[in-house]
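Participant: I'd like to ask some things about the structure below.
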Amino acid sequence: MSIFSEKSGITRRQFFKGTGMLAVTAIIGGAFAKFGFDVFAASHKYIEERIAGLYTNDQKMVLRKSHENPEVAKIYKEFLSPGEIKPVSEKAHHLLHTKYGKDIPAFIEELKNPHHEAPAAKASGHEAA
Amino acid sequence: MSDIKGKVLKHGEQTRTMHWVHLICFIILGCTGIAFYWDINFISNIFGGPANASLVHRWTGVVFTVGPTLYILLNFERFARFIDTISHISKDDIGWLKVMGGYIPGFKPDYIPPQDKYNAGQKMLGWMIILGCLIIILTGFPMWLWRYELPAVFLSFCYNVHFWTAIIMMLLVSGHFFLAAIHPTSRVEFGSMMLDGYIDAEVSSHHNAKWFNALQKVE
C-alpha cells in the first residue's frame, strides 16, 4: 500500500502569509491590550487622586469629629436628651435612626407616639443609623 | 472515484493534538458559558457550582488561548501552509461554492471543481473560526482581568460581543461536526483529524484533487 504525504518546507509566499497573519494578530492584540493597560493605569491614577483629595478636604475642616461639634452638643442638650449629652437617648433613637419598610402609616404613628414602635420595621429588622 | 490505492497523511500529530485540545476547551467553555449566562444550575453543578464553573471557564480560556499559540509558534510551517491554503481563493473555489460542493440534499451537480487540501467551505470556516476565536479571546480577558477598571459601557459591549460570537461559533462548530462526522460523503474526514491522521488516497484524490496531485509518495 502506498503512503502519501506533503512535501516538507514552505514557499516564500507561505512564509509571508504566515508571518503576516501573526503580525496582524499581534498588532490587533497589542492595540487592544494597550487600551486595557492605559485604562487600568488611568483608573488607578483617578482613584489615588480622589483618595488624596478626600483626605485633604478632611484635613482642612475646622470640625473633624461629630462629637466635638458644638451644634450637635447643643441639639442634644436642648432637645434630644435635655440637660445632658446622651447620644443614644430614646428621642435620638426614634428620630435619628432610619427604618425601612412598607408600612408607612405605622412609622408615622411611631413618630407621633415613640413608645409604640412600628411592627413592620421590627419584624423586618432593617434598621440603619 | 479514482483507482489510486493507499493512505494519505493529512493531519500531523501536532495538528491533531491541538485540534483535540481546542475541541475539549471549546466544549467546556461552551457548557460553562451557557450555564452562567442562562443561570442553569444543572450544568454549573457539574463543574462544582456557579463559582467554580466561572473559575473553570476562565482557566479553560487560558488553555484555549495558549494551546493554539504554542502550536503556531512551534509548528510555524504547518500554520503558514494552512493560512496560505485558506487565503487562496481561486475560480475552482467559487465554482465549488456555486454548487455548494454537492452537499445540498436533492441537488446533484454535474461537475464539482477540484479542491485544495481544504474545500471552499472549509476555507470559509477556517477564517470564521480564526476571527471568532480572536474576538472571543480579546473580549474575554478584559471581562476577567480589568472588570473593575474598564468603563461599564465597554464591559457591557465586551459581554454582548463575547456572547453573540460564542453563539455563532457554536452553530459553526455544530455544522462542522455534522459535515465532518455524520454526513455520509464527508465523514471519512473524521478519522484523519480525530484518530491517526490518515485518509484513503482514493477519497483524497477525489475530494482534494489539487492538493493530492502535489503530494509525494513516501512508501
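First to last, the sequence lines map onto chains S and C.
Its first residue numbered 1, the first sequence is counted upward by one per residue in our numbering.
Its first residue numbered 1001, the second sequence is counted upward by one per residue in our numbering.
For every residue, glycine included, the Cβ atom is placed at its ideal position computed from N, Cα and C.
DSSP puts L1009 of chain C in a beta bridge; with which residues?
Facilitator: For the purposes of this step, residue 1009 of chain C is taken as residue 9 along the second sequence, with counting starting at 1. Paired residue(s): C:Y1198.
Participant: In the region 3-44 of chain S, which residue ranges form an unbroken alpha helix (DSSP H) of at least 4 residues, counting only runs that do not cross its ends?
Facilitator: Counting whole runs of 4 or more residues, the region 3-44 of chain S contains no alpha helix (DSSP H) stretch at all.
Participant: Using a 10 Å radius around the Cβ and a threshold of 16 neighbouring Cβ atoms, would you call A1080 of chain C buried or exposed?
Facilitator: By 1-based counting over the second sequence, the position of residue 1080 of chain C is 80. The residue in question, A1080 of chain C, is buried, as its Cβ has 16 or more Cβ neighbours within 10 Å.
Participant: Going by C-alpha distance, which of C:F1177, C:H1088 and C:I1136 is nearest M1194 of chain C?
Facilitator: Along the second sequence, one-based indexing puts residue 1194 of chain C at 194. Comparing Cα-Cα distances from M1194 of chain C to each of C:F1177, C:H1088 and C:I1136, the minimum goes to C:F1177.
Participant: Report yes or no: do three or more beta-carbon pairs, one from the region 1094-1111 of chain C and one from the region 42-57 of chain S, lie closer than 8 Å?
Facilitator: The region 1094-1111 of chain C vs the region 42-57 of chain S: no contact.
Participant: What is the DSSP secondary structure of A128 of chain S, counted as helix, strand or coil?
Facilitator: For the purposes of this step, residue 128 of chain S is taken as the residue at position 128 of the first sequence. With a pLDDT of 46 at A128 of chain S, under the threshold of 50, the modelled position of that residue is not reliable, and the figure given next carries that caveat. Strand, per DSSP.
Participant: Grab the span of the alpha helix (DSSP H) containing Q1122 of chain C for me, first residue to last.
Facilitator: Within the second sequence, numbered from 1, the residue matching residue 1122 of chain C stands at position 122. Start and end: A1120 to L1145.
Participant: Pull out every residue of the region 1074-1092 of chain C whose Cβ sits closer than 8 Å to any Cβ of chain S, in chain order.
Facilitator: Cβ contacts with chain S come from F1076, E1077, F1079, A1080, R1081, I1083, D1084 and S1087.
Participant: From what residue to what residue does the alpha helix (DSSP H) around W1096 of chain C run?
Facilitator: Looking up residue 1096 of chain C in the second sequence gives position 96. Per DSSP, W1096 of chain C belongs to the alpha helix (DSSP H) from K1091 to K1098.
Participant: Please determine if the region 50-70 of chain S and the region 1149-1166 of chain C are in contact, where contact requires at least 3 C-beta pairs separated by less than 8 Å.
Facilitator: Counting Cβ pairs under 8 Å, fewer than three are found: no touch.
Participant: Between which residues of its own chain and Q14 of chain S is the CB-CB distance below 8 Å, once the five residues before and five after are set aside?
Facilitator: As a first step, residue 14 of chain S must be located in the first sequence, where it is residue number 14. So the list is empty, once near-sequence residues are dropped.
Participant: Is it the case that the region 1103-1118 of chain C contacts the region 1202-1215 of chain C, given that we only count it when at least three CB pairs across the two stretches are under 8 Å?
Facilitator: The region 1202-1215 of chain C vs the region 1103-1118 of chain C: in contact.
Participant: For C1031 of chain C, which residues in the same chain have their Cβ closer than 7 Å to its Cβ, ignoring the five residues on either side in sequence?
Facilitator: Sequence index remark: in the second sequence, residue 1031 of chain C carries index 31 (1-based). Excluding sequence neighbours, C1031 of chain C sits near I1043.
Participant: Taking C-beta pairs closer than 9 Å, name the residues in chain S that W1146 of chain C reaches, listed in chain order.
Facilitator: Taking the first residue of the second sequence as 1, we reach residue 1146 of chain C at position 146. Those are G36, F37, V39, F40 and S43, listed as they occur along chain S.
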